[in-house]
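**Student:**
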Amino acid sequence: FGKYEINAKGKKSLRTLSEVLEKFLPCISVTSNKSHQESCAYLNLASRDGLDAVFIEGHTDSIGTHEHNWELSAKRAISVFREVTDASPFLNEGIKNKNGVPVINVSGYEARRPITNSPENFNLNRRIELRFIMRSPTPEDVKKLEDAVGK
6 FGKYEINAKG KKSLRTLSEV LEKFLPCISV TSNKSHQESC AYLNLASRDG
56 LDAVFIEGHT DSIGTHEHNW ELSAKRAISV FREVTDASPF LNEGIKNKNG
106 VPVINVSGYE ARRPITNSPE NFNLNRRIEL RFIMRSPTPE DVKKLEDAVG
156 K
């Protein structure tokens, strides 16, 4: 409640997330790094520039003022962004969309996207989500990515 600092367990999870993102985001975005491009060759994707943006989204419950919760939700998103990009600096600038813009961004939503309105479950509203904004990939490419990720 009221926090944005990441604990040790969260940092470990975000390092793992960074590794997965660094491995697979280059497969669906634009990168000039040849080793990242080559590591995706086995997927044989028809399109390699389908990723437009990844938003690290911070959320809060509705307790407190809107001003405080706006700031808190943004701080949550920023702290996750920093942890992910510190673990994998390539993710900060090396992954771009087809317009050459870095894809990883942050946004704060305050209490505007609650999971629940039940006060006894408000803790569910205090969270971070990753939202992937994509161009529509081919169905074949979706299947290949699902197989590679292990779905």
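Residue numbers (the numbering used here): 6 to 156. Glycine included, each C-beta is placed from N, C-alpha and C at the ideal position.
Would you kindly check if the distance between the Cβ of Lys149 and the Cβ of Asn49 is under 8 Å?
**Tutor:** The count along the sequence shown starts at 1 and reaches residue 49 at position 44. The count along the sequence shown starts at 1 and reaches residue 149 at position 144. Going by C-beta atoms, Asn49 is nearer than 8 Å to Lys149.
**Student:** Grab the span of the alpha helix (DSSP H) containing Asn97 for me, first residue to last.
**Tutor:** What you label residue 97 is simply residue 92 of the sequence shown in a count that begins at 1. Note, Asn97: alpha helix (DSSP H), Phe95 to Glu98.
**Student:** Would you call the region 11–25 and the region 68–79 touching, i.e. three or more CB-CB distances under 8 Å?
**Tutor:** The region 11–25 is not in contact with the region 68–79.
**Student:** Would a C-beta distance cut-off of 8 Å place Ala82 and Val111 closer than the cut-off?
**Tutor:** In the sequence shown, counting from the first residue as 1, residue 82 sits at position 77. In the sequence shown, counting from the first residue as 1, residue 111 sits at position 106. Yes, Cβ-Cβ distance for Ala82 and Val111 is below 8 Å.
**Student:** Only counting the same chain, and skipping five residues up and downstream in sequence, which positions put a Cβ closer than 6 Å to that of Asn97?
**Tutor:** On the sequence shown, position 92 is the one that residue 97 refers to. Answer for Asn97: Thr90, listed in chain order.
**Student:** Which residue's Cα is closest to the Cα of Leu26: Asn128, Asn122 and Val108?
**Tutor:** Your numbering for residue 26 matches position 21 in the sequence shown. Nearest option by C-alpha distance: Val108.
**Student:** Please give me, in chain order, every unbroken run of the beta strand (DSSP E) with length at least 3 that falls completely inside the region 47–72.
**Tutor:** Entirely contained in the region 47–72, the beta strand (DSSP E) runs reaching 3 residues are, in chain order, 56–63.
**Student:** Taking Cβ positions, are Met139 and Leu19 nearer each other than 8 Å?
**Tutor:** For the purposes of this step, residue 139 is taken as residue 134 along the sequence shown, with counting starting at 1. For the purposes of this step, residue 19 is taken as residue 14 along the sequence shown, with counting starting at 1. The answer is no: Cβ separation not under 8 Å.
**Student:** So Thr36 packs on Ile100, CB below 8 Å; how close in whole Å?
**Tutor:** Within the sequence shown, residue 36 is the residue found at index 31, counting from 1. Within the sequence shown, residue 100 is the residue found at index 95, counting from 1. That pair is a contact at about 6 Å.
**Student:** Tell me where the beta strand (DSSP E) around Val111 begins and ends.
**Tutor:** Position 106 of the sequence shown, counted from the start, is the residue given in the question as residue 111. Run containing Val111: Ile109 to Gly113, per the beta strand (DSSP E) assignment.
**Student:** Taking only three categories from DSSP, how would you classify Arg136?
**Tutor:** By one-based count along the sequence shown, residue 136 stands at place 131. DSSP places Arg136 in strand when its eight states are reduced to three.
**Student:** DSSP three-state label for Lys101, please.
**Tutor:** Locating residue 101 in the sequence shown gives position 96, counting from the first residue. Note: Lys101 maps to strand in three-state DSSP.
**Student:** Is it right to say Arg117 is buried, meaning 16 or more other beta carbons lie within 10 angstroms of its own, or is it exposed?
**Tutor:** Start at 1 with the first residue of the sequence shown, and residue 117 comes out as number 112. With fewer than 16 other Cβ atoms within 10 Å, it is exposed.
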